[in-house]
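Below: the structure, in structure tokens.
Protein chains: 2
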Amino acid sequence: MNTQTQPEAIIEADPEIPVVRIFREFDAPPELVYRAHVDPELVKQWMGPRSIDMDIEKWDLRTGGEYRYTALRDGEEIAHFYGSVHRVWENEKIIQTFGFDEMPEAVSLDTLVLQDLGNGRTRLEITSVVESMEAQAGMMASGMEVGINEGYAALDALLAGMDA
Amino acid sequence: MNTQTQPEAIIEADPEIPVVRIFREFDAPPELVYRAHVDPELVKQWMGPRSIDMDIEKWDLRTGGEYRYTALRDGEEIAHFYGSVHRVWENEKIIQTFGFDEMPEAVSLDTLVLQDLGNGRTRLEITSVVESMEAQAGMMASGMEVGINEGYAALDALLAGMDA
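Dropping the structure here:
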């Protein structure tokens, strides 16, 4: 079974404007990838680094909704993430904000797009907009690639076991 | 009574990154300017161009909240605006998204900051971030200055009649 033709996500900082783009392909149709993003029972099974547990307090991924979760390492709270949901297009697109209590001034506007590649495959693209090139540099230096790649590897495994 | 030392808002497009900044001073303390932004009964008295009525469907300006309103001209619906609220600092700062149904791909991340200038005056700054220079150009060409300036003139008058 071919579940990883693209094991590492591509993470690109735009050189001109404060935008970061993330690309990844999944061996599952958009409906499954979408469900794995909006159902909190599924989200907590894959999101973030392997060493971190996610305690989801709120996960209301509808237009006008909000989410909030705590990252725990060995039972200790290490960060509190949250955001509001601008708009949702079922199975296709989610626009939301992202921030964390530990650095409340830092915020990004994130657009997730799921493109149907056919043959049961999906291309995921996240466009993350921040308000300055300094904030973009901080984001690229945050170590987020660990959580992204370990999270998406867990998502590969989860998707392989889901029914369409 | 001096209610307008700065009758026109300053609206600046950043030449380097897709950010628009709006500045305006008000002859009222931050608490009143804030209240006029979060109380829907007050908001509908000042927001937008003079020729437009605002029918506010939802106005929940709390962290994780949302808002939605319809703009009407002579009783006819001309636009449907909405957004989600990322985070609120009472009397100081609001971070939220902004969009409208008529162009659902267009979204901005708006940070409103109220600075206490002393002597009962407030400086308002809005930083609006979009995802491309093209989107920034579209925003600057939208005619938004009419709604901003006519709205803020109505806000001047409203604030002059409010009790601290």
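Protein chains in written order, with the numbering used here: chain W, 1127 to 1290; chain P, 1127 to 1290. Think of the CB as a built atom: it goes at the ideal place given N, C-alpha and C, for glycine as much as any other residue. On a predicted model such as this, the values are computed, not experimentally measured, just so you know.
Going by the CB atoms, is the gap between residue j and residue i shorter than 8 Å?
i: residue 1172 of chain W; j: residue 1277 of chain W; result: yes
i: residue 1218 of chain P; j: residue 1240 of chain P; result: yes
i: residue 1234 of chain W; j: residue 1211 of chain W; result: no
i: residue 1151 of chain W; j: residue 1248 of chain W; result: yes
i: residue 1165 of chain W; j: residue 1285 of chain W; result: no
i: residue 1133 of chain W; j: residue 1272 of chain W; result: no
Can you find the residues in the same chain that come closer than 6 Å, C-beta to C-beta, to residue i, ignoring five residues on each side of it along the sequence?
i: residue 1148 of chain P; result: 1135, 1137, 1252
i: residue 1189 of chain W; result: 1213, 1214
Taking the C-alpha atoms as reference points, what is the distance between residue i and residue j?
i: residue 1262 of chain P; j: residue 1179 of chain P; result: 26 Å
i: residue 1160 of chain W; j: residue 1144 of chain W; result: 26 Å
i: residue 1198 of chain W; j: residue 1177 of chain W; result: 9 Å
i: residue 1231 of chain W; j: residue 1220 of chain P; result: 11 Å
i: residue 1209 of chain W; j: residue 1274 of chain W; result: 18 Å
i: residue 1195 of chain W; j: residue 1281 of chain P; result: 38 Å
i: residue 1224 of chain W; j: residue 1287 of chain P; result: 38 Å
i: residue 1071 of chain P; j: residue 1156 of chain W; result: Given a span of 1127 to 1290 for chain P in the structure shown, any question on residue 1071 of chain P remains unanswerable.
i: residue 1245 of chain W; j: residue 1264 of chain W; result: 38 Å
i: residue 1131 of chain P; j: residue 1183 of chain P; result: Interpretation of residue 1131 of chain P is limited by its pLDDT of 49, a score under 50 that renders its predicted location unreliable; the figure taken from the coordinates is listed afterwards. Distance between the alpha carbons of residue 1131 of chain P and residue 1183 of chain P is about 34 Å.
i: residue 1167 of chain W; j: residue 1203 of chain P; result: 40 Å
i: residue 1158 of chain P; j: residue 1216 of chain P; result: 11 Å
Compare the Cα-Cα distances from residue i to each of the options and report the closest residue.
i: residue 1228 of chain P; options: P:1267, P:1205, P:1285; result: P:1205
i: residue 1201 of chain P; options: P:1181, P:1192, P:1209, P:1191; result: P:1181
i: residue 1142 of chain W; options: W:1272, W:1193, W:1259, W:1162; result: W:1259
i: residue 1207 of chain P; options: P:1226, P:1216, P:1193; result: P:1226
Could you check whether the Cβ of residue i sits closer than 7 Å to any heavy atom belonging to the ligand MN?
i: residue 1239 of chain P; result: As presented, the structure is devoid of all ligands, the ligand MN included, so that no description of it is given.
Can you name, in chain order, every residue of its own chain whose Cβ lies under 8 Å from the Cβ of residue i, other than the five neighbours on each side?
i: residue 1140 of chain W; result: 1146, 1147, 1262
i: residue 1266 of chain P; result: 1137, 1139, 1146
Near residue i, what residues of its chain come up, given a Cβ to Cβ distance below 7 Å and the 5 sequence neighbours on each side ignored?
i: residue 1191 of chain P; result: 1211
i: residue 1222 of chain W; result: 1209, 1210, 1211, 1212, 1236
Chain W contacts made by the region 1207-1218 of chain P, where a contact means CB separation under 9 Å: Flagged, chain order: 1208, 1209, 1210, 1211, 1212, 1213, 1215.
Members of the region 1245-1278 of chain W near chain P, C-beta cut-off 8 Å: 1253, 1255, 1256, 1257, 1258, 1259
Against chain P: residues of the region 1138-1149 of chain W by CB proximity under 7 Å: Of all residues in the region 1138-1149 of chain W, the ones placed with a Cβ closer than 7 Å to any Cβ belonging to chain P are 1143, 1144, 1145, in chain order.
The region 1174-1195 of chain P: positions lying closer than 8 Å to chain W by Cβ: 1184, 1189, 1190, 1191, 1192, 1194
Against chain W: residues of the region 1219-1234 of chain P by CB proximity under 7 Å: 1221, 1223, 1225, 1230, 1233
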